[in-house]
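Throughout the sequence shown, residue numbering follows my numbering, covering 86 to 279 in sequence.
Ideal Cβ positions, reconstructed from N, Cα and C, are used throughout, including at glycine.
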Amino acid sequence: MKFIVKWFINGVLTIVPIGLVVYVVYKMFIFLDGLLGNVLKPHLDENYIPGIGLLATIVILTLLGFLSTKMFAGTLIKVVDIILHKIPLVKTIYSVIKDTIHSFLGEKKSFSKVALVTMPGTTMKCLGFITTEHLSDLHDGLKDHVAVYIPQTFQVAGITFLIPKADIEILDIKSEEAMKFILSGGMTTKSDKA
Numbered sequence: 086m087k088f089i090v091k092w093f094i095n096g097v098l099t100i101v102p103i104g105l106v107v108y109v110v111y112k113m114f115i116f117l118d119g120l121l122g123n124v125l126k127p128h129l130d131e132n133y134i135p136g137i138g139l140l141a142t143i144v145i146l147t148l149l150g151f152l153s154t155k156m157f158a159g160t161l162i163k164v165v166d167i168i169l170h171k172i173p174l175v176k177t178i179y180s181v182i183k184d185t186i187h188s189f190l191g192e193k194k195s196f197s198k199v200a201l202v203t204m205p206g207t208t209m210k211c212l213g214f215i216t217t218e219h220l221s222d223l224h225d226g227l228k229d230h231v232a233v234y235i236p237q238t239f240q241v242a243g244i245t246f247l248i249p250k251a252d253i254e255i256l257d258i259k260s261e262e263a264m265k266f267i268l269s270g271g272m273t274t275k276s277d278k279a
């Protein structure tokens, strides 16, 4: 009977991660395809092929990226940017979204440095990501501090701490490895792959 339970658990451990990945990819495909797919479906009727909406979304985003570097369209985008930064409440939401996207996709990636933080008064340590190294603009007393984002396990949430530089150690590991380690609750390490 024990071997049947073991086989069942092995089956669950094998199929659940694969099933969840397939489910997440499918849901992302449906969402991205629906962005423009719902607009195209009535015009294409029976000729609509799933994925056309996704392809159209990618083409339009690429075209907008290209146009944003050109004179007229670039100026227009800058004007919209300035207008959005002047509207109360909208400027806060817009700035947070824009800064977050730029931190992941822009040239200056915020999560590129992994920090090992010593918890005050203990020998405990936790992993985080340096998001800002220059905090003196925020407050003069923070010039020797850095902002470290510490994600929570199994969640998208996290906490940003302003920590003295002396209390952190920069680790020479990839951000992706650190994020996998944190989000898995410490269960995924490089040595697991060997």
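Remark: C-beta atoms of Val165 and Ile258 do not approach each other more closely than 8 Å. Pairwise C-beta distances place the segment 161-176 out of contact with the segment 219-238, as fewer than three of them are shorter than 8 Å. Contact holds between the segment 263-270 and the segment 209-217, because three or more Cβ pairs, one in each stretch, are under 8 Å apart. Nearest in C-alpha terms to Thr207, of all of Leu117, Ile100, Val106 and Asp252, is Asp252. Residue pairing of Glu254 in beta bridges, as defined by DSSP: Leu201.
For Ala232, the secondary structure class from DSSP, reduced to helix, strand or coil, is strand.
DSSP, reduced to helix, strand and coil, places Pro127 within a helical segment of the structure shown.
Under the three-state reduction of DSSP, Lys210 is assigned to strand. Val233 places its beta carbon less than 8 Å from that of Val202. A straight line joining the alpha-carbon of Lys183 with that of Thr154 spans about 17 Å.
Exclusion of the five residues before and after Lys126 leaves Tyr133 as the residues of its chain whose Cβ lies within less than 6 Å of its Cβ. Distances from the alpha-carbon of Thr216 to those of Ile255, Ile167, Val109 and Lys87 put Ile255 closest. Going by beta carbons, Leu121 and Thr142 fall inside the 8 Å limit. With distances taken between CA atoms, Met113 lies nearest to Gly136 out of Gly271, Thr245, Gly136 and Ala242.
In this structure Gly243 touches Pro236 by the C-beta definition: roughly 4 Å separates them, less than 8 Å. Look at Ile244 here: in three-state DSSP terms it is strand. By the Cβ neighbour-count rule, Val144 is exposed, with fewer than 16 other Cβ atoms within 10 Å of its own. Burial check for Val90: the Cβ neighbour count within 10 Å stays below 16, so the residue is exposed. For Lys265, the enclosing alpha helix (DSSP H) begins and ends at Ser260 to Leu268.
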